[in-house]
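No gaps in the numbering here: position 66 of the sequence shown is 174 in this note's numbering, and each next residue is one more.
First comes the structure, then the notes that go with it.
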Amino acid sequence: MAHQLRGENFRFTVYDLADGSPVPAGVATLLSDPAVRTAEYLVMLGPEARGRGLGTVATRLVLDYAFHVTNLRMVWLKVLAPNKAGVRAYEKAGFRTSGTLREAGHWLGAVCDEILMDAPARDFSGPSAIRA
């Protein structure tokens, strides 16, 4: 909490609203670099929350916040190449592949590539989903 209050990064709790009441399902974070107005995006969902679209919705909302509230220019992330579901979720939320870090990660004990993805603010010029 102290880091967020100092403005060093932004943390969000992801809630599952499927049963009507909010149930914590994961966390999302923007690790910002204020000097260049960019941030790295991280999201972690519990196993019970995966595969139901929560990651895509959470990512869209965090991007909305990043561009319409904090005025960032670009948000980027790294995802392990074998994580096809993660790549699809990020693409649905607005990220695009920008490069590959060859043999930079591990997946199930094997070396694998990491995919770099980015989302520039210009791709999110519409009205914000965040209401006053």
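Quick reminder that beta carbons are idealized off the backbone N, C-alpha and C, glycines included.
By the criterion of a C-beta distance shorter than 7 angstroms, Ala229 is surrounded in its chain by Phe175, Leu180, Arg181, Met182, once the five residues flanking it on both sides are discounted. Nearest to Val187 by C-alpha distance, out of His214, Val177, Gly234, Val135, is His214. Distance from the CA atom of Ala237 to the CA atom of Cys220, rounded to whole angstroms, is 36 angstroms. Distance from the CA atom of Thr137 to the CA atom of Ala126, rounded to whole angstroms, is 22 angstroms. Residue pairing for Val219: DSSP places it in a beta bridge opposite His214. Taking 3 residues as the shortest admissible run, the segment 149–219 contains the following complete beta strand (DSSP E) segments, listed from N- to C-terminal end: 182–188, 204–215. The beta-carbon distance between Leu171 and Glu148, rounded to whole angstroms, is 13 angstroms. This is too long to meet the 8 angstroms contact definition. Distances from the alpha-carbon of Asp231 to those of Asn117, Glu199, Ala166 put Glu199 closest.
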